[in-house]
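Below is one structure, written out as structure tokens, with a few remarks after it.
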Amino acid sequence: MIPQAQTQTQTQTQTRSIWLRQALNICMAGLIISPLASIAKPQYGYSGNVGPEQWGKLSPEYAKCSDGSEQAPVNIVSAASKVIANPLRLVTAYGPTKGDTVVNTGTTIQVNTEGKLQIGSTQYKLLQYHFHTPSEEAINGVHYAMNVHLVHQDAAGKLAVIGVNFTEGSPNSFISELWKQLPSSKGQNTISSLPSLEKVLPSKLDYYSFKGSLTTPPCSEGVSFYILKQPVTISPAQLAAFRKLYPMNARPLQPLNERVIQSSN
Ligand SMILES: [Zn+2]
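For the sequence shown, counting from 1, position 102 maps to 102 in the numbering used here; every step adds exactly one.
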């Protein structure tokens, strides 16, 4: 009983001292910046002292950005990819939406939405999609003008991302609807009804797949990527409208290490 009580007291004391230390840190930080900002996750960016090379140092929570082994994006070398004998089909069910939140996050435009995806026998819910320019993934060393990442989650919490690449050409009808509602300043949101995301998918859903990570901090691994082989088009004016907000928001390519990229055909 006594040793246990001592342990408990020690633990309480330790907890209290950690708490006090944290409170002190917050107070000291508060002298320089607002307490709210010191608690919030550190902002990251794409250049300078918050650029991709620094992400892993911005917060202990972002450590995977510098010490991960299965990071994304990657360069997909088609000749080195392994064709899967019985590839799982991507079965999407994205309807027109009401009440989507279009967010200018400070690093991209993100749409919080809903929809369904089935890969093999696993069901996923669409959580959000967001854009990068130029495309984050490269195919045979070539980046596209822009890409969208469609982020899905299954019941166990695993993430599956479908990547669609945009090449410059005819206007994209889905993008023209979405761009009408672009929040132009950082932190601004708009609530939108949008056409079905099926309109942004190419006619064929052949893909390259690999295990990767979130391409933004905290760079968590265990994310399944399905990068569609067939690009869709976006007009130069549509691309310029996005680049006016975010001229460059793509993380540099990451080492493939031991991974082998799979190909659905
Ligand atoms: Zn992304």
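Using N, Cα and C, we set each Cβ at its ideal position, and we do this for glycine too.
The model shown is predicted, which means the values in this text are computed figures rather than measured ones.
By the criterion of at least three beta-carbon pairs nearer than 8 Å, the stretch 60-75 is not in contact with the stretch 234-243.
The three-state reading of DSSP puts Gly95 in coil, since its state is none of H, G, I, E or B. The stretch 199-215 makes no contact with the stretch 102-115; the number of CB pairs closer than 8 Å stays below 3. Residue pairing by DSSP places Asn189 opposite Val103 in a beta bridge.
Leu253 is not a Cβ neighbour of Pro42, given a cutoff of 7 Å. Counting C-beta atoms within 10 angstroms of its own C-beta, Gly222 has fewer than 16 neighbours from the protein chains shown and is therefore classed as exposed. Of the heavy atoms belonging to ligand 1, none sits nearer than 6 Å to the Cβ of Thr101. Sequence-distant partners of Val200 (beyond 5 residues in either direction) whose C-beta falls short of 8 Å from its own C-beta, in its chain, are Val148, Val164, Asn172, Phe174, Ile175, Val232.
In terms of Cα proximity to Glu258, the closest of Val91, Leu126, Ser69, Gly120 is Ser69.
Around the beta carbon of Val103, a 10 Å sphere encloses 16 or more other beta carbons of the protein chains shown; the residue is thus reported as buried.
If you draw a straight line from the Cα of Ala250 to the Cα of Asn86, it is about 32 Å long. Taking Phe225 as the centre and dropping the five residues before and after it, the same chain places the C-beta of Ala72, Val161, Gly163, Ser209, Phe210, Gly212 closer than 7 Å to its C-beta, in chain order. Asp100 is positioned such that its CB atom lies closer than 7 Å to that of Leu194. The beta carbon of Trp179 sits closer than 7 Å to those of Gln238, Ala241, all from its chain and outside the five residues before and after it, given in chain order.
When Ala155, Gly56, Cys219, Lys116 are compared, the shortest CA-CA separation from Ser196 is found for Lys116.
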